[in-house]
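Below is one structure, written out as structure tokens; comments come after it.
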Amino acid sequence: GENVEQHPSTLSVQEGDSAVIKCTYSDSASNYFPWYKQELGKRPQLIIDIRSNVGEKKDQRIAVTLNKTAKHFSLHITETQPEDSAVYFCAAASGYSSASKIIFGSGTRLSIRP
Amino acid sequence: NAGVTQTPKFQVLKTGQSMTLQCAQDMNHNSMYWYRQDPGMGLRLIYYSASEGTTDKGEVPNGYNVSRLNKREFSLRLESAAPSQTSVYFCASSVAGTGGQPQHFGDGTRLSIL
């Protein structure tokens, strides 16, 4: 089955700097790659996603890149702000199941230093 | 529009007790999911339901049962609770369709087994 590895597990950056989180996946049939943000004690919330027919997607300060050949994808956050502090999860969905079964990475705790 | 609603929000059980966690969504989604979240391990899929009337095992189904009561509701039952089932449980829903779809999460149930 699918396996998703996420690095680093913790990341601390200066406010205003960029943050990059990387994930690799094992199933070459995976075709959907969402990123979720989870603030302390809250539900995970989708912040951006990308499908396998696209190499890059941007939404304001957030971007995701996908390299299907190498089976890895990354989240880039520019001009980081205190409210970006949270745990971020990458995920991958395999194949074409109508249930959209998603496998999550283990998470990255991002801290923004003032 | 409430989205995904989970009850209860908190629960403490003794080993061997049984309990049902409730989940309901009002977004007319076909697919629903149950995850558990343990510290440092991300979200692991317990069971999912692609559509009303169907359920399938996820990564960690042992010790749990589910019921898709109707299109809106998907419950998770612990028949004989064990301390290893202490966790935060999240329910999620998504539209059906080929490939992956964004999942919408509830606020979670914090369950402690003594």
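These protein sequences, in sequence, are chains A and B. Residue numbers for the first sequence, in my numbering: 2 to 115. Residue numbers for the second sequence, in my numbering: 7 to 120. C-beta: ideal position from N, C-alpha, C; glycine also. Keep in mind the model is a prediction, meaning the values are calculated, not measured.
The segment 97-114 of chain B makes contact with the segment 29-48 of chain B; the number of CB pairs closer than 8 Å reaches 3 or more.
The straight-line gap separating the alpha-carbon atoms of B/Pro14 and B/Thr26 is approximately 9 Å. Within the same chain, Ser93 come within 6 Å of B/Asp44 by CB-CB distance, once the 5 residues on both sides are set aside.
Leaving aside the five residues that flank B/Phe96 on each side, the residues in its chain whose CB is nearer than 7 Å to its CB run, in chain order, Tyr41, Gln43, Leu49, Phe111, Gly112 and Gly114. Sixteen is the threshold: since fewer than 16 other Cβ atoms of the shown chains lie within 10 Å of the Cβ of B/Phe16, the residue is exposed. In the three-state DSSP reduction, A/Pro35 falls in the strand class (E or B).
Rounded to the nearest whole angstrom, the CA to CA distance from A/Arg110 to B/Ala98 is 22 Å. Residues of the segment 98-120 of chain B with a Cβ closer than 7 Å to any Cβ of chain A, in chain order: Ser100, Ala102, Gly103, Thr104, Gly105, Gly106, Gln107, Pro108, Gln109, Phe111, Gly112, Asp113 and Gly114.
Interface criterion met: the Cβ of B/Glu65 is under 9 Å from a Cβ in chain A.
Contact of B/Leu84 with chain A is not assigned, every C-beta pair being separated by 9 Å or more.
Unbroken alpha helix (DSSP H) stretches of 4 residues or longer found wholly inside the segment 17-86 of chain B: none.
DSSP, read as helix, strand or coil, puts B/Gln107 in coil. Looking from the CA of A/Ser29, the closest CA among A/Trp36, A/Phe74, A/His8 and A/Gln46 belongs to A/Phe74.
Nearest CB-CB separation between B/Arg42 and chain A: not below the 9 Å threshold. In terms of beta-carbon proximity, B/Leu75 stays away from the interface with chain A, with every pair separated by 9 Å or more. Taking C-alpha positions only, B/Ala56 is separated from A/Ile113 by approximately 38 Å. Scanning A/Phe90, A/Pro115 and A/Lys102 for the CA closest to the CA of A/Thr25 turns up A/Phe90.
The Cβ of A/Asn32 sits closer than 9 Å to at least one Cβ of chain B.
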